[in-house]
Amino acid sequence: MEPPSKPQSALFQVYLRLRPPPVPNSLYPTLTTPERFVTVEESNEGAPTHITLNPPNDNRRRAVEKFAFTEVFEEEASQLDIFHGTGVIPLVEGVLAANGGDGRDGLLATLGVTGSGKSHTILGSRSQRGLTQLALDLLFRSISDNILDPSTIYSLHASVAASDPSEAQVLSSQGFLDIIYGDQSCASRATSRAATPMRVHNPFHIPGSFPRSSHSPREKSFYPILPRLSSRAGSPKSQGLARPLTPPEPHRAQAPERC
614 MEPPSKPQSA
624 LFQVYLRLRP
634 PPVPNSLYPT
644 LTTPERFVTV
654 EESNEGAPTH
664 ITLNPPNDNR
674 RRAVEKFAFT
684 EVFEEEASQL
694 DIFHGTGVIP
704 LVEGVLAANG
714 GDGRDGLLAT
724 LGVTGSGKSH
734 TILGSRSQRG
744 LTQLALDLLF
754 RSISDNILDP
764 STIYSLHASV
774 AASDPSEAQV
784 LSSQGFLDII
794 YGDQSCASRA
804 TSRAATPMRV
814 HNPFHIPGSF
824 PRSSHSPREK
834 SFYPILPRLS
844 SRAGSPKSQG
854 LARPLTPPEP
864 HRAQAPERC
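Okay, so the sequence shown: first residue is 614 according to our numbering, each after it adds one.
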């Protein structure tokens, strides 16, 4: 079986990392180590790319199978070996468009059964950082010369909001919550057609929803206040109740009086 080719048009690469065998548990010292059934095929051109599965000798024995990958990392491979060998560096460079032009999207994912080491590969441990930390370190080191001074954060927000207000408006988290659940009197006044220039409305806000009650304390709350239904604003007895509408009585025609 020939090694898999690496065409430039390939959408993704598939790598295999073998997990080291579990350390014998002190609670089960007599537990024997299971027989190894994975054989990594040696390659004359560099890193191994094939494995052979030899099922154990039992009643459910299956045929010997062989699988090909972009590269196979054996049990002794470190996190740095995985980081450099799986092409994370060119993946980050493609996102940043290091060679000019437009950047492209990149995806790094781990697949495997429970306990196969996916979290260790991505998140790492106290002694070895994972691919996420290594990729973020590379990312911020690459853009360190282009990061703006923190004092310009407000002008940056204004420029982004003014560039195309129909798509996005950069707000802080506190400002977002104030618009959603804050004082609605400002929002109701802003919906007037006489206001110029036109304000960019928040896509998450429905005009007239969740009005603030006139009898509730004017304190900030992240929970919406339901409106009260009242037929007469000045009647204290009718607060919170809607008076049913009664149809008008039909007009009765009267006979003309005789002279």
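Using N, Cα and C, we set each Cβ at its ideal position, and we do this for glycine too.
Residue burial classification, residue i (beta-carbon count within 10 angstroms, cutoff 16)
{"i": "Thr645", "result": "exposed"}
{"i": "Arg806", "result": "Note on Arg806: pLDDT 43, under 50, position unreliable in the model; no value is reported."}
{"i": "His663", "result": "buried"}
{"i": "Leu724", "result": "exposed"}
{"i": "Thr643", "result": "exposed"}
{"i": "Leu624", "result": "exposed"}
{"i": "Leu736", "result": "exposed"}
Contact belief for residue i with residue j at Cβ below 8 Å, rounded distance in angstroms
{"i": "Ile695", "j": "Arg742", "result": "That pair is no contact at about 11 Å."}
{"i": "Phe682", "j": "Val627", "result": "5 Å"}
Given residue i as reference, the closest of the options once Cα atoms are compared
{"i": "Val701", "options": "Leu666, Thr734, Ile664", "result": "Thr734"}
{"i": "Pro703", "options": "Gln692, Glu689, Leu720, Glu688", "result": "Leu720"}
{"i": "Gln692", "options": "Leu724, Glu678, Leu666, Arg739", "result": "Arg739"}
{"i": "Leu873", "options": "Thr699, Val705, Ala676", "result": "Past the boundaries of the shown model lies residue 873; the chain is included only from 614 to 872, so the question cannot be answered."}
{"i": "Leu666", "options": "Glu655, Thr643, Asn657, Phe680", "result": "Phe680"}
{"i": "Ser755", "options": "Glu658, Pro634, Asn712", "result": "Asn712"}
{"i": "Pro634", "options": "Leu624, Glu658, Glu689, Phe625", "result": "Glu689"}
Cβ-Cβ distance between residue i and residue j below 7 Å
{"i": "Val708", "j": "Gly716", "result": "yes"}
{"i": "Arg632", "j": "Ser729", "result": "yes"}
{"i": "Glu684", "j": "Ala660", "result": "yes"}
{"i": "Val653", "j": "Glu687", "result": "yes"}
{"i": "Pro668", "j": "Arg675", "result": "yes"}
Neighbourhood of residue i by C-beta distance below 7 Å, restricted to the same chain and skipping five residues each side
{"i": "Ser822", "result": "Annotation note: pLDDT 40 at Ser822 (below 50); position unreliable, coordinate value reported separately. If we look at Ser822 and ignore the five residues flanking it on each side, it has no Cβ neighbours."}
{"i": "Gln746", "result": "Gly737"}
{"i": "Gly751", "result": "First, the residue type needs correcting, since residue 751 is Leu and not Gly in the sequence shown. Excluding positions up to five away in sequence, the list reads Ile702, Val705."}
Neighbour flag for residue i against chain C, beta carbons, 7 Å
{"i": "Phe625", "result": "Annotation note: the requested chain C is absent from the structure, which comprises a single protein chain."}
Same chain, Cβ closer than 6 Å to residue i, five either side skipped, listed in chain order
{"i": "Thr699", "result": "Tyr628"}
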